[in-house]
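Engineer:
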Ligand SMILES: C[S@@+](CC[C@H](N)C(=O)[O-])C[C@H]1O[C@@H](n2cnc3c(N)ncnc32)[C@H](O)[C@@H]1O
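Numbering (the working numbering), first residue to last: 10 to 232.
(1) Going by beta carbon distance, what residues of the same chain come within less than 7 angstroms of residue 81, once the five residues before and after it are set aside?
(2) Taking DSSP as the reference, what is the three-state secondary structure of residue 210?
(3) Would you be able to state if there are at least three C-beta pairs under 8 angstroms between the stretch 17-36 and the stretch 123-136?
(4) Report the option in 57, 30, 72 and 50 whose CA atom is closest to the CA atom of residue 240.
(5) Take residue 207 and list the residues in its own chain whose beta-carbon comes closer than 8 angstroms to its own, dropping the five residues that flank it on each side.
(6) Assign residue 192 to one of three DSSP states: helix, strand, or coil.
(7) Hey, residue 148 and residue 171: beta-carbon distance below 8 angstroms or not?
(8) Leaving out five residues before and five after residue 17 in sequence, what residues of the same chain have Cβ atoms less than 8 angstroms from its Cβ?
(9) Does any heavy atom of ligand 1 sit closer than 7 angstroms to the C-beta of residue 22?
(10) Going by DSSP, name the residue or residues bridged to residue 106.
(11) Residue 93: which of 229, 214 and 153 sits nearest, CA to CA?
(12) DSSP beta-bridge partners for residue 215?
(13) Does the stretch 176-185 come within contact of the stretch 213-229, defined as at least 3 CB pairs closer than 8 angstroms?
(14) Please classify residue 61: does DSSP put it in a helix, a strand, or coil?
(15) If you compare alpha carbons, which of 107, 38 and 67 is closest to residue 22?
(16) Quick check on the burial criterion: 16 or more other C-beta atoms within 10 angstroms. Buried or exposed for residue 54?
(17) If you run the structure through DSSP and keep just helix, strand and coil, what is residue 144?
(18) Sorted by chain position, which residues of the same chain lie with C-beta nearer than 6 angstroms to residue 76's C-beta, five sequence neighbours on each side aside?
(19) When DSSP labels each residue in this structure, what does residue 220 get in the three-state scheme?
(20) Which full runs of the beta strand (DSSP E) of 3+ residues lie inside the stretch 146-171, going along the chain?
(21) Starting from residue 51, trace the alpha helix (DSSP H) both ways and give me its first and last residue.
Listed below in C-alpha cells is the structure:
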C-alpha cells in the first residue's frame with residue numbers, strides 16, 4: 010500500500026513519515042496540537058453557525074445520505090481532523106485517515122476505535138504528498154479542508170494517483186458564492202466553477218450534491 014522508498018514509523022496509534030536523515034517529518038499544526046480537545050466544540054458551536062451559517066447536524070445528515078451505500082471499501086480521508094467521519098461512514102469500511110496534526114489524529118484514532126471500526130489506520134502526512142502507492146483507494150473524502158491546502162492542484166494530482174479507476178472523491182467545502190453573510194472563512198475559497206475546472210483538469214467528473222447548508226458546497230467527482 011506504501012509507495013516504494015517511503016519510510017514510516019509507527020508510534021502508538023499513528024504512523025509518521027521518516028525523512029532522508031532518519032527524522033520524523035513534522036508539520037506546523039493548523040490548530041495548536043494542545044488545543045485539539047477543543048476542536049469538536051469549536052466546530053459545532055462556532056464555525057458551523059457563525060462562519061458557515063449552517064449546522065453540523067445537517068452536515069452529518071447530508072454526508073450520511075451520500076455514503077449510505079458505501080461498505081467494505083478502501084477509504085482514504087484527507088485532513089481527517091478528529092475523526093468526524095465516524096458520524097457518516099459505515100464501520101465495515103477499510104479506513105485510512107491522514108492529517109498534518111498528530112493531536113487531532115490521536116483523537117480520530119480514539120473515535121474510530123470507540124465507533125467499532127476494525128480496520129482504521131492513521132498517517133501524519135501532508136495531503137499534497139501522500140505516502141501511498143498508485144491505485145489503492147476506492148473512495149477519497151475531503152471534508153471542510155480543501156480551503157486549507159496551499160496548493161489544491163497538487164492535492165488533486167495525488168487524489169488522482171492513489172484512486173483506482175472508477176473511484177469517487179467526495180468533498181464538502183465552503184465556497185464564496187454561498188457565503189451570503191460574507192463571513193471571514195479561513196483559507197483559499199474556490200468557487201464551484203473553479204472546483205469544476207480543477208476536477209476537469211484531473212479527469213474527474215464533477216457532480217454537485219443537491220444540498221443546502223450555509224456556505225458549504227457538497228460535491229462528488231468520479232475518476
Ligand atoms: C476544519 S478541519 C476539518 C477536519 C475534518 N475533516 C472535519 O470535517 O472535522 C481542517 C483540517 O485540515 C488539516 N490540514 C490543514 N492543512 C493540511 C494539509 N496540507 N495536509 C493535511 N491536512 C491538513 C488540519 O490539521 C485540520 O485537521
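We put the beta carbon where it would ideally sit given N, CA and C, even for glycine. Being a predicted model, the structure only gives us computed values, none of them experimental.
Structural biologist: Result, derived from the coordinates:
(1) 101 and 102
(2) helix
(3) yes
(4) Residue 240 is absent from the structure shown; the chain starts at 10 and stops at 232.
(5) 161, 162, 165 and 199
(6) coil
(7) no
(8) 11, 24, 25, 26, 27, 132 and 140
(9) no
(10) 86 and 131
(11) 153
(12) 230
(13) yes
(14) helix
(15) 107
(16) exposed
(17) coil
(18) 97 and 98
(19) coil
(20) 146-152
(21) 48-51
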